[in-house]
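Notes follow once the structure below has been shown.
Number of protein chains: 2
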Amino acid sequence: MSQRHYFEDFEVGATDEYGQYAVTREEVIEFASRFDPQPFHLSEEAGQATHFGGLCASGWHTGAMAMRMIVDHMPAGGTGALGSPGLEELRWRKPVYPGDMLKMRSTVVDRRESRSRPELGLVVMENQVLNQHDEVVMSFRPTVMYRRRPA
Amino acid sequence: MSQRHYFEDFEVGATDEYGQYAVTREEVIEFASRFDPQPFHLSEEAGQATHFGGLCASGWHTGAMAMRMIVDHMPAGGTGALGSPGLEELRWRKPVYPGDMLKMRSTVVDRRESRSRPELGLVVMENQVLNQHDEVVMSFRPTVMYRRRPA
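Protein chains in written order, with our numbering: chain C, 51 to 201; chain D, 51 to 201.
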């Protein structure tokens with residue numbers, strides 16, 4: 051499953067685990083300072099005062115870390131991925147803390163040819179981000195556009 | 051509507067426009083290099099070869115820019131926002147290009163008391179990110195947790 055270049059390479063039900071992303075305190079604070087400067091994303095003390103129990107990553111940062119694992123898992127060079135029109139049911143299920151090691155679990159849940167663009171197909175994935183305790187910390191269901199395999 | 055500290059301050063149907071975020075080429079490429087290194091997020095030439103028509107921001111970057119506008123719009127200091135369990139129907143509707151100036155439009159679409167945590171309330175927003183042509187480039191429907199107003 052590591053060579054999915056084209057729409058035709060995705061089979062409904064196929065599951066794949068991949069990636070590793072080490073969450074660092076430095077990156078959590080840097081991302082939050084720029085994009086999500088809420089206290090519990092900026093300091094240990096402020097995080098401890100909330101139900102998060104400590105400094106935790108911005109949810110958009112966790113999404114960005116997931117995206118990096120997804121892109122790193124794409125075939126080098128000739129990938130047929132052409133972006134995403136959107137996603138459903140994004141859930142931030144558990145806090146992501148500095149020191150966590152994240153990985154991805156992706157399952158193909160649907161696929162269909164594009165009506166408006168016959169050169170494209172749409173693949174729906176159920177993506178889970180897991181931590182080192184195998185807990186799902188985030189999940190989302192993106193639709194991804196892929197090129198059709200050349201005839 | 052600029053002083054919404056607590057759950058009780060949100061009324062269904064209330065709409066608010068706020069924020070400005072200048073999208074820069076430097077930040078688009080920096081974010082993508084780190085989190086979403088697909089060719090069309092890294093170079094003008096690669097973007098022109100796709101339906102995006104040019105270098106465009108990672109969708110996770112657009113979400114992060116939206117989050118920054120949201121946080122900047124929260125009341126300083128005493129905000130009662132306590133994070134989000136997730137969101138529905140995220141759509142990346144149009145490409146976001148360097149040079150764009152983004153803003154937010156947020157409407158309260160639902161609110162309810164938390165069953166499991168009586169000190170919290172849940173507010174559902176319909177958030178739109180607009181560009182300088184008043185085109186919606188991204189939309190999403192987050193649920194946000196707020197503290198109840200102290201009695």
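Note that the Cβ used here is the ideal one computed from N, Cα and C, for glycine as well.
- Classified as exposed, Q70(D) has fewer than 16 neighbouring CB atoms from the shown chains inside 10 Å of its CB.
- When the alpha-carbon of V186(C) is set against those of P200(C), S83(C), G97(C), T112(C), the nearest one is in T112(C).
- With respect to Y68(D), G130(D) sits apart: the two C-beta atoms are not nearer than 8 angstroms.
- Beyond the five residues adjoining it in sequence on each side, V158(D) comes within less than 7 angstroms, by CB distance, of F60, E61, V62, G63, A64, V173, M175 in the same chain, given in chain order.
- The alpha carbon of G149(C) has as its nearest neighbour, out of F57(C), R191(C), V78(C), P135(C), the alpha carbon of V78(C).
- Under the Cβ criterion (8 angstroms, minimum of three pairs), the segment 141-155 of chain D does not count as touching the segment 160-172 of chain C.
- A Cβ-Cβ contact shorter than 8 angstroms links V121(C) with P87(D).
- Put simply, the CB of R54(D) is far from chain C, with every gap to its CB atoms at 8 angstroms or more.
- Measuring C-alpha to C-alpha distances from S189(D) to each of Q182(D), C106(D), L170(D), E139(D) identifies E139(D) as the nearest.
- For Q178(D), no chain C residue has a Cβ inside 9 angstroms of its Cβ, as the nearest lies near 13 angstroms away.
- Residue state for M188(C) is assigned as strand, using DSSP reduced to three classes.
- The DSSP-derived three-state label of S83(C) is helix.
- With its beta carbon less than 8 angstroms from one in chain C, T100(D) belongs to the interface.
- Rounded to whole angstroms, the Cβ separation of E58(D) and R198(D) is 7 angstroms, and the two are in contact under 8 angstroms.
- In this structure H183(C) is exposed. Its beta-carbon is surrounded by fewer than 16 other beta-carbon atoms within 10 angstroms.
- Annotation: L170(D) to G133(D) spans about 11 angstroms, alpha carbon to alpha carbon.
- If you look at D122(D), you'll find it in the alpha helix (DSSP H) that goes 109-123.
- Contact between F85(D) and A114(C) holds: their C-beta atoms lie close to 4 angstroms from each other, under 8 angstroms.
- Interface flag for M115(C) against chain D is set, since a Cβ pair is found closer than 8 angstroms.
- Close partners of E58(D) in chain C (Cβ separation under 7 angstroms) are lacking, with about 20 angstroms as the shortest Cβ gap.
- For the C-beta of G103(C), not a single chain D residue is nearer than 9 angstroms; the gap to the nearest is close to 12 angstroms.
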